[in-house]
Amino acid sequence: MTLPESTLAQPEPMGLDQAGERVVPQLLQQIGTDGVPELVLSGDWVLATLQAQFSTLEARLRSLAADPGLRWEVTQARTVDHAGALLLWRAWGGQRPALLNVAADQAALLAHVAEVPDYRPSLRGSSLQTGVATLGGGIVSALREVRDGTAMIGQLVFDLGHLVVHPSRIPWREISANIYRTGAKALGITALVGFLIGVVLSYLSGRQLKLYGADIFIVNILGMSIIRELGPMLAAILIAGRSGSSMTAQLGVMRVTQELDALSVMGISHTRRLVLPKVIALSLSLPLIVLWTSAMALVGGIVASEIQLGIGYALFVERLPQAVPIANLWLGLAKGAVFGSLIAVIACHCGLRVAPNTESLGAGTTTSVVASITAVIIVDAIFAIAFSNVGVWF
Amino acid sequence: MGVPVIRVEGLSTRFGHVMVHRNISFDVDRGEILGIVGGSGSGKTTLLRQMLGLETPAEGRVTILGRCLAEIGAEERHALRMRSGVLFQQGALFSALSVYENVALPLRELRVVPEDVIRDLVMLKLALVGIAPEDASKLPAELSGGMTKRVGLARALGLEPDLLFLDEPTAGLDPDRSEAIMKLILALRQELSLTVVMVTHDLDSLLEVSDRVAVLADQQLVAIGPLAEVVWNDHPFIRSLFHGERGLRIVQALRVRPPVV
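Structure, rendered in structure tokens:
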């Protein structure tokens, strides 16, 4: 075959890509054997070789395609994939050129490309409309949330009644497993945080007390604040972050993997089997954790006051019952039980509301932790007002 | 071509004390469709994960396109991954992204293809696997099991791979759809000279598309070869697989006779 007036349209040398197997796409403009001008495509017209030069190559080919007398010789191309076929099709302006030479499987590819449907993302309304709709939707879903939460608490009360009537059905195993998971396994972190808070508190107040020479009142300050307020709050916030989030995630994953549906079709109630044991377990284990956290915080306070103020361990322990009435301990433990059931109910409610996708799972866990910490603080404030004259010296 | 696309040599896989594979060796040639069969728990999916570099062999080596997976650096591994597409058993679609965005994701990751080209490529892939344009903006949670599989296949084809790994491509699809998927895979192999490794339970799809069949049983590769030969292997698992009621239908369809001994 003679190639008169053959000109290299693309000065790039014949090259291989990194993998050493692909040949860069080549263009050759020449006069064919029958005297018709033709454009010979060779090399690999595939996504891997095209990607970076897709647009420039498309523009080049488009200008070439303006000449209807040009014959497109595609059969020389080593491989053509969908991306390559799409490139040609776009360059041709969505139609086959008058003179085209393709192999059978290339023709099949072009046929696929010719039928690409349009992507029409679902239409959204005007911004005002969506704004109003979002606001309304938000209010409706917030109300629905309150309703569902109330319904769940009601259901839990019914379930509790059921268990009281049929004590043989009490899920001891789940309850004990949950106590272990939320209580025993949280001992380390609550001890560490409690101890350090005790140390910090003792140092800060010790310094002020020293100014007035009222060193011994460190016992009152630490005892009162830790046993009545800080112990329960610290424990509740740590457990909300630690156990509340894991409860939400567990129920959420059960929704994603259809385990909740499996329980439903077996006639096993979600609240009775999954929620109630968690609520019972956490309302039992959180008071214990509160006790533990308060004790560790006091230990931290005692150690720090010994070092800073020179108040001996024995003196501190001896003064403590005089400084802090025992009612404060009961109040702290009661708070623990209330916070525990609150955290478990909120966590389970958020978990059961998770939709079967990962984004909703993440959002549900966040909501659970934020909502339970907020609820704990609100309820703590209510406690503070309601019990303002319990366990305080006048 | 000389160099096989995939070469597995003396591969053993161990999870703790459990031996999953013992000394498995085989090659896959360019443009070939290899079907991997085996009972439940025989390590088919694990073998696939070995070939993808998602598991590390206890012994032996896996070589993909002439590069040993254990010896290459991050960059080469990345280049290799760009050339293979995977359809996972459960589809593994990103649940937070729409169907369209799922398929577009690998193309966007390239960061060089213009957005309108991506749009055409995505819609092309979706059309190939039979997903209607109006379903493109749905979320994976709104899809049926079969549609999830097909979107997964479209995503696997997104980067125009040389190598396609399919884990149970037809499980959960109705017979019409699974036949359409098999036809599509055959057509793609024809048009794009794909190499396909397919784990399957479905004897019909094996019969339809596979050039060779590898049978895993007792932690070992007990047979590999064209279906017509493997069918007559004496291994008990193969006998029960192909000589049960369903299996016999396949054997009849093959119209093969036992070799004269």
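One line per chain: the protein sequences are A and B, in this order.
Each step along the first sequence adds one to the number in our numbering, with nothing skipped, and position 43 is 43.
The number in our numbering is simply the position in the second sequence, starting from 1, with 1000 added.
For every residue, glycine included, the Cβ atom is placed at its ideal position computed from N, Cα and C.
- For A1141/B, the neighbours in chain A by C-beta distance under 8 Å run, in chain order, A355, P356 and N357.
- For Q76/A, there is no enclosing alpha helix (DSSP H), as DSSP gives it neither H nor E.
- P1106/B is outside the set of residues whose beta carbon lies under 8 Å from a beta carbon in chain A.
- E229/A is outside the set of residues whose beta carbon lies under 8 Å from a beta carbon in chain B.
- Bounds of any alpha helix (DSSP H) do not take in N1233/B, whose DSSP letter is neither H nor E.
- Taken in chain order, the unbroken stretches of beta strand (DSSP E) that lie wholly in the stretch 1107-1175 of chain B and span 3 residues or more are 1163-1167.
- Assignment of beta-bridge partners to G1038/B by DSSP yields L1216/B.
- Around P1236/B, the same chain offers no residue with a beta carbon nearer than 7 Å, after the five sequence neighbours per side are excluded.
- V1062/B and D1027/B have their C-alpha atoms spaced approximately 10 Å apart.
- If the five residues before and after S1210/B are omitted, its C-beta is found closer than 6 Å to the C-beta atoms of I1033 and G1035, all from its own chain and listed in chain order.
- In the three-state DSSP reduction, M1198/B falls in the strand class (E or B).
- Counting only residues of its own chain and dropping the five nearest sequence neighbours on each side, S1095/B has a CB closer than 8 Å to the CB of L1139, P1140 and A1141.
- The shortest CA-to-CA distance from L230/A to any of D380/A, L61/A and V24/A is the one to D380/A.
- Per DSSP, reduced to three states, the secondary structure at T130/A is helical.
- Separation of V46/A and A1104/B (C-alpha to C-alpha, rounded to the nearest whole angstrom) is 17 Å.
- Remark: C-beta atoms of I1024/B and Q1220/B approach each other more closely than 8 Å.
- Here the alpha carbons of D1234/B and E359/A stand approximately 51 Å from one another.
- For the C-beta of P1133/B, the chain A residues within less than 7 Å are, from N- to C-terminus, P117, D118, Y119 and R120.
- Under DSSP, Q26/A forms a beta bridge with S42/A.
- In this structure, T248/A lies away from S63/A, with their beta-carbon atoms at least 8 Å apart.
- Legend: CB atoms of the stretch 50-68 of chain A lying less than 7 Å from CB atoms of chain B belong to residues Q51, A52, F54 and S55.
- Secondary structure at H1078/B: helix, using DSSP grouped into helix, strand and coil.
- Note on geometry: alpha-carbon atoms of A91/A and F54/A lie some 11 Å from one another.
- Boundaries for I311/A: no alpha helix (DSSP H) harbours it, and the DSSP string shows neither H nor E there.
- For R1030/B, the three-state secondary structure derived from DSSP is coil.
- As the crow flies, the alpha-carbon of S246/A is around 36 Å from that of T1170/B.
- Taking C-beta atoms as the reference points, I1181/B and L1203/B fail to come closer than 8 Å.
- Interface annotation, T79/A: in contact with chain B, CB-CB separation under 8 Å.
- Judged by beta-carbon spacing, A236/A lies within the 8 Å limit of V376/A, meaning their Cβ atoms are closer than that value.
- Under the three-state reduction of DSSP output, F1094/B falls in the coil class, being neither helix nor strand.
- Taking 8 Å as the threshold, the shortest C-beta distance from A108/A to chain B falls below it.
- By the Cβ criterion, the stretch 1002-1021 of chain B is not in contact with the stretch 333-344 of chain A, since fewer than three pairs of Cβ atoms, one from each stretch, lie closer than 8 Å.
- Taking 9 Å as the upper bound on Cβ-Cβ separation, chain B lies near residues V256 of the stretch 248-270 of chain A.
- C-alpha of T79/A to C-alpha of S1137/B: approximately 32 Å in a straight line.
- For D44/A, the closest Cβ of chain B is not nearer than 8 Å.
- Using beta-carbon distances, A1074/B does not count as an interface residue toward chain A, since no partner is under 8 Å.
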